[in-house]
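Undergrad: Numbering (my numbering), first residue to last: 2 to 171.
I'd like to ask you about the structure that follows.
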C-alpha cells in the first residue's frame, strides 16, 4: 500500500497544492511576457532569410544593433531578445499560444525546432495530463525529471545544465 505523505517538504499537501497553482500561474504569466517581448522585437526587426536584405535606403542600422538597442532599453540582454523573437516567429498564431496556456516558454522553444505539424500535439500531452501531482519522467527507467529534452537548456554548452549552478543534475 502506498502512503500519501501528510507533508511535502516543509508544507502540508494543501499548502503544496496552493503553491503549485500559484507557480503554474506565474509560469503562464512569464510565458505571456516572453511572447510579448518576442512579438515586439519581431515587429521592430522581422525575421528574414540568411542574406535577406531590405530595400536600399530602408535599413539604417543592422538587426543586431537595432535589437541591441531594444534590449538595452527594456533591460534584457540582446541574446535574450533574439531568443524571444525567434520563438515568437516560430509560434505566430496567438490562438495556439492561448490554447496551450500554462506551457512554459522553454517548451515552445524546444517544439519550435520541429515542423509545424509536429508542434501542435506534444503540448496537449504535457506532464499534468495523466498525473496531476507528479511530473512526467524524462527517463522512466532512471526516474529522471526536469527541464529540456536532455535536462539542459537547448542553448547551453555540453555540461552546462538549465539551472547553471547545479552541475550533475540532468
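Backbone N, C-alpha and C define an ideal beta-carbon position, used for all residues, glycine too.
Have a look at residue 7 and residue 13 and give me their C-alpha separation to the nearest angstrom.
TA: C-alpha separation (whole angstroms): 6 Å.
Undergrad: Out of 103, 90, 102, which has the shortest C-alpha to C-alpha gap to residue 45?
TA: 90
Undergrad: Just the C-alpha distance for residue 86 and residue 76, rounded to the nearest angstrom, thanks.
TA: Rounded to the nearest angstrom, the two C-alpha atoms are 15 Å apart.
Undergrad: Since residue 32 is in the alpha helix (DSSP H), which residue starts that stretch and which ends it?
TA: Residue 32 -> alpha helix (DSSP H) spans 14-45.
Undergrad: Leaving out five residues before and five after residue 33 in sequence, what residues of the same chain have Cβ atoms less than 7 Å from its Cβ?
TA: none
Undergrad: What would DSSP say about residue 3, mapped onto helix, strand or coil?
TA: Correct three-state label for residue 3: coil.
Undergrad: Considering Cα atoms alone, identify which of 40, 66, 4 is closest to residue 88.
TA: 40
Undergrad: If you measure between the beta carbons of residue 28 and residue 103, is that distance less than 8 Å?
TA: yes
Undergrad: Suppose you measure from the CA of residue 50 to the CA of residue 2; what does that come to, to the nearest Å?
TA: 59 Å
Undergrad: Classify residue 68: buried if its beta carbon has 16 or more other beta carbons within 10 angstroms, exposed otherwise.
TA: Its Cβ being crowded by 16 or more others within 10 Å, residue 68 is buried.
Undergrad: Residue 35 to residue 21, Cα distance in whole Å?
TA: 21 Å
Undergrad: Along the chain, where does the alpha helix (DSSP H) containing residue 84 start, and where does it finish?
TA: 79-91
Undergrad: My guess is that residue 31 and residue 106 are in contact by the Cβ rule of under 8 Å, so how many angstroms apart are they, rounded?
TA: Cβ atoms of residue 31 and residue 106 come within 8 Å of each other, at about 7 Å.
Undergrad: If we count the other Cβ atoms within 10 Å of its Cβ and call it buried at 16 or more, is residue 101 buried or exposed?
TA: buried
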